[in-house]
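Under the working numbering, the letters of the sequence shown match residues 25 to 467, in that order. The next block holds one structure in the form of C-alpha cells; read it before the comments.
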Amino acid sequence: MTPVLLFVLGVVFVAIGIAVSIALHEVGHLVPAKLFKVRVTKYMIGFGPTLWSRRKGETEYGVKAIPLGGFVSMIGMYPPNKDDGSVRPSSTGMFQTLATEARSMAHEEVGPGDGKRVFYRLPVWKKVIVMLGGPAMNMVLGVLLTAVLLMGFGVATATTTISEVSKCQVAAGETVDPDSADCQPTPAAAAGLRPNDRITSFDGKAVTGWDQLTEWIRASAGREVGITVERDGAQVSTTVTPVLSARPVIGADGRQETDDAGTLRYQDVGFLGIGSQTELVAQPASSVLPMAGENIRQVAGVVFNLPARVVGVAKAAFSEEPRDPNGPISVVGVGRVAGEVAAMEEIPVQSRLAALIGLLAGLNFALAVFNLIPLLPLDGGHVAGALYEGARRQVAKLFGKPDPGAFDIAKLLPVTYVVAALLMGMSALLIYADIVKPVNLFG
C-alpha cells in the first residue's frame with residue numbers, strides 16, 4: 025500500500041472517530057433530556073445546511089454540512105419574560121433585544137401541553153445532569169479507548185533484546201564517521217555483541233528487564249564484567265568493560281532535564297553502546313484509570329494555559345518562530361498527524377493503529393475538559409448558570425424571601441456571543457497555522 029493511500033486512510037480513520045465522538049457527546053445530552061421529559065426538537069451532527077435528516081417521534085435527527093460540532097435543541101432553554109410571563113415581541117437596547125430574541129426562539133416551538141416539558145422548569149440537579157451528559161460521554165469514551173490501548177494493544181516496553189550496537193564512542197550530541205581513524209569502538213562493539221542478541225545475564229546476575237540492566241551498566245564503569253546473550257538459540261558468553269561517558273539526564277516525563285539556567289543536564293555513567301528493541305506489552309485493567317487520569321491532567325494543563333499557547337501559535341504562524349509541538353492544533357492538524365502516523369511503514373501496523381487509538385482517546389479527553397470551561401456557550405457555562413440558580417434559591421429560602429425562579433441565562437447572551445466569536449477566531453487561527461506552519465512531530 026502506497027504512503028499516500030496510508031496517509032488518506034489515517035485521516036479517514038480519525039475523521040470517523042471524531043464524528044463518532046461528537047455524535048456520542050450529543051447523545052449524552054439527548055438521553056437525559058428525554059428521560060426528564062424535556063421535549064427535544066433536534067439532534068444534529070455538524071452546523072450549517074442540513075445534508076440529511078429524518079424525524080422520529082417529536083425529534084428530527086440529521087447531519088449538517090460543516091462537521092465541526094453538533095447540537096441538541098430543547099424547548100424552553102430560557103425562561104419567558106418575568107414581567108408578564110410572556111415573550112416580549114420587541115424591546116429597546118441591543119443587549120435586551122438579544123435576550124428577547126433568544127427567549128422567542130426558545131418558546132417558538134412550545135405547544136399546548138408542553139408547559140411542563142420546557143428545559144428551564146427542570147430542577148437544578150436535572151439541568152446539571154443534562155448539560156454534563158456530553159462531557160461525561162466523552163470521558164467514558166476516552167477511558168474505554170484507553171482500556172483498548174493498554175489492555176488490547178499494550179504499551180511499548182523496552183526489552184533485553186539488542187536493537188543496535190553503536191560502533192564508535194562519541195560524546196552526547198556528537199557524531200563520528202565509523203570508518204575514520206577517530207572512531208574508537210564502543211565496549212559492545214569490541215565485545216562482539218550484535219543486534220537481535222537477547223541479554224540473559226550481566227556480571228553473573230540474571231537480567232529480567234531493560235531498566236534493571238541499564239542501572240547495572242551505569243554502575244559498572246571501568247570494570248570488566250561477564251555478559252551472556254542468547255544468539256540463534258545458543259548461549260554466548262563474553263566480557264565487556266563499560267566506559268565512563270557523559271549521558272543525558274532523563275526526567276520522569278521522558279525528556280532531558282535542565283538546570284536552573286536552562287542548560288541541559290548530563291551525568292557521567294557507565295556506557296556500553298547498545299539500544300533496546302521494544303514490544304507492545306498488554307497492561308492490567310488496574311492501569312487504565314491512572315493512565316486516563318494522567319491524560320486528563322495533561323489536557324487540563326493545556327486548556328488552563330490555552331490563551332498563552334494560542335498567542336504562541338499566532339507568533340509562530342506569522343513569523344519565523346518554530347511551532348511548539350506540545351501546543352494546540354486544529355482538526356486539520358489532527359488529521360495531518362493521523363495521516364503521518366498511518367504512513368510510517370517502518371513501524372508495525374499494530375503500533376500505528378495503537379497510536380491512532382491513543383490520539384482519539386486524547387481528543388475525547390480534550391473535548392470533555394474544554395466543554396467544562398464555565399463560559400457560555402460551552403456546557404460548563406450552562407452548568408455554572410444552573411448552580412447559580414440553585415444557590416440563589418437557597419439564599420432566598422434561608423432569608424425567607426420569595427423563590428426568585430429560574431435564572432434567566434439569556435441575559436448572558438452578549439458574553440456568549442463574545443466567547444463564541446473568540447472560539448471561532450481561535451479555530452481559524454489554528455487551522456491557518458496548521459496549513460502554513462504545521463507541527464512537526466516526527467522530525
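Positions of the beta carbon are idealized from the N, C-alpha and C atoms, including for glycine.
(request) Pull up the distance between the alpha-carbon of residue 340 and that of residue 279, whole angstroms please. (result) In a straight line, the C-alpha of residue 340 is about 23 angstroms away from that of residue 279.
(message) What does DSSP give as the partner residue(s) for residue 192 in the beta ladder?
(response) 209
(request) Measure the C-alpha to C-alpha separation of residue 112 and residue 400 and round it to an integer number of angstroms. (result) Only weak support exists for where residue 112 lies, its pLDDT of 37 falling under 50; the value from the coordinates is given anyway. Their backbone Cα atoms lie some 23 angstroms apart in a straight line.
(message) What does the alpha-carbon distance come out to for the pair residue 80 and residue 66?
(response) 10 angstroms
(message) Looking only at its chain, what residues have a beta carbon closer than 6 angstroms to the beta carbon of residue 41, apart from the 5 residues adjacent to it on each side?
(response) Leaving aside the five residues that flank residue 41 on each side, the residues in its chain whose CB is nearer than 6 angstroms to its CB run, in chain order, 384.
(request) Output the distance between the C-alpha atoms of residue 100 and residue 143, rounded to the nearest integer angstrom. (result) 5 angstroms
(request) Over the uninterrupted alpha helix (DSSP H) stretch that includes residue 239, give me the two end residues. (result) Bounds of the alpha helix (DSSP H) holding residue 239 are 234-242.
(message) Can you tell me whether residue 27 is helix, strand or coil according to DSSP?
(response) Looking at residue 27 - three-state DSSP - the assignment turns out to be helix.
(request) Pull up the CB-CB distance for residue 292 and residue 270, whole angstroms please, since I reckon it's below 8 angstroms. (result) 6 angstroms
(request) Let me know the secondary structure DSSP gives residue 339 once reduced to three states. (result) helix
(request) Could you spell out where the beta strand (DSSP E) holding residue 290 opens and where it closes? (result) 290-295
(request) With distances taken Cα to Cα, identify the nearest neighbour of residue 411 among 363, 426, 433. (result) 433
(message) Whole angstroms are fine: how far does the CA of residue 345 sit from the CA of residue 94?
(response) Rounded to the nearest angstrom, the gap between the Cα atoms of residue 94 and residue 345 is 35 angstroms.
(message) Quick check: residue 304 and residue 180, are their CB atoms within less than 8 angstroms of each other?
(response) Yes; because the gap between Cβ atoms is below 8 angstroms, this pair is in contact.
(message) I'd like the list of long-range same chain contacts for residue 263, defined as Cβ closer than 6 angstroms, with 5 residues on each side in sequence excluded.
(response) 248, 250
(request) Kindly indicate the opening and closing residues of the beta strand (DSSP E) around residue 245. (result) Segment: none, residue 245 is in no beta strand (DSSP E) and carries neither H nor E.
(request) Look at the alpha carbon of residue 388 and the alpha carbon of residue 351, and state the distance between them as a whole number of angstroms. (result) 17 angstroms
(request) Between the Cα of residue 104 and those of 429, 166, 256, 338, spot the shortest distance and give me the residue it belongs to. (result) For the options 429, 166, 256, 338, the alpha carbon positioned closest to that of residue 104 is the one of 429.
(message) Check this for me: beta carbons of residue 190 and residue 210, under 8 angstroms apart or not?
(response) Yes, the Cβ-Cβ distance between residue 190 and residue 210 is below 8 angstroms.
(message) With the cut-off set at 8 angstroms, would you say residue 362 and residue 164 are in Cβ contact?
(response) For residue 362 and residue 164, no; Cβs fall outside 8 angstroms.
(request) Write down every uninterrupted run of the beta strand (DSSP E) in the region 379-436 whose length is 3 residues or greater and which is fully enclosed by it, in chain order. (result) none
(request) Can you say whether residue 217 is buried or exposed, counting buried as having 16 or more other CB atoms within 10 angstroms of its CB? (result) buried
(request) Confirm, please, whether the CB-CB distance from residue 87 to residue 316 is below 8 angstroms. (result) No, the pair does not count as a contact, with Cβ atoms beyond the cut-off.
(request) Could you check what DSSP says for residue 313 in three-state terms: helix, strand or coil? (result) helix
(request) Could you check what DSSP says for residue 504 in three-state terms: helix, strand or coil? (result) The structure shown does not extend to residue 504, since the chain is modelled only from 25 to 467, so the question has no answer here.
(request) With a threshold of 16 other CB atoms inside 10 Å of the CB of residue 459, please say whether the residue is buried or exposed. (result) exposed
(message) By the three-class DSSP mapping on this structure, what secondary structure does residue 114 have?
(response) Unreliable positioning characterises residue 114 in this predicted model, as indicated by a pLDDT of 34, which lies under 50. The coordinate reading is nonetheless provided below. Residue 114: coil per DSSP, three-state reduction.
(request) Would you mind reading off the limits of the beta strand (DSSP E) that contains residue 223? (result) Per DSSP, the continuous beta strand (DSSP E) segment holding residue 223 begins and ends at 222-226.
(request) Go to residue 215, then tell me how far its alpha helix (DSSP H) extends in each direction, as first and last residue. (result) Run containing residue 215: none; DSSP gives neither H nor E here.
(message) Bridge partners for residue 149 per DSSP, in chain order?
(response) Answer is none; residue 149 lacks a bridge partner.
(message) Just to confirm before moving on: does the CB-CB distance between residue 220 and residue 241 stay below 8 angstroms?
(response) In this structure, residue 241 does not lie closer than 8 angstroms to residue 220 by Cβ.
(message) For residue 266 and residue 244, what's the separation of their Cα atoms in angstroms?
(response) 6 angstroms
(request) Specify the secondary structure class of residue 79 as computed by DSSP and reduced to three states. (result) For residue 79, the three-state secondary structure derived from DSSP is strand.
(request) Starting from the C-beta of residue 443, find all residues in its chain whose C-beta is less than 6 angstroms away, skip the five residues before and the five after it, and write them out in chain order. (result) 399
(message) Measuring alpha carbon to alpha carbon, tell me which residue in 328, 359, 253, 422 is nearest residue 231.
(response) Nearest Cα to residue 231 within the set 328, 359, 253, 422: 253.
(request) Put residue 175 into one of helix, strand or coil per three-state DSSP. (result) helix
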